[in-house]
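So for the sequence shown, the UniProt record's numbering puts the first residue at 1; every next one is plus one. Idealized CB from N, CA, C, for every residue including glycine. These figures come from a predicted structure and were not determined experimentally. Everything on this sheet refers to the single structure shown next.
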Amino acid sequence: MTIKPRKPWRVILTQNGVQLVEIDHASEAKAYQHVRNALGSGADTARIMQWENGRWWHFETVTAEEVQAARAADRSGAK
């Protein structure tokens, strides 16, 4: 029997195809905050994984370009 991990969200950061770090998080919100911070300061891709049904599943991949575009949209909408 596989036990659910205490932190069921995982962020895997890469830069130029090389894995930099893999960090587990207690919530989806904390995982995505980490993604926004990391992709704004060096990493170029983040894979978000979620523990479900006894294994890690790929939830989403986010790129630095997507984060930059979202920030630009936020700034232009704030005017």
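Shown here, ALA38 sits in a helix according to DSSP, grouped into three states.
Separation of the CB atoms of VAL62 and ALA31 is rounded to 10 Å, and the pair is thereby denied contact status at 8 Å. The C-beta separation of ALA64 from LEU13 comes to about 10 Å, leaving the pair out of contact by the 8 Å criterion. A straight-line Cα-Cα distance of about 17 Å links ARG6 and HIS34. By the 16-neighbour rule on beta-carbons within 10 angstroms, ALA38 is buried.
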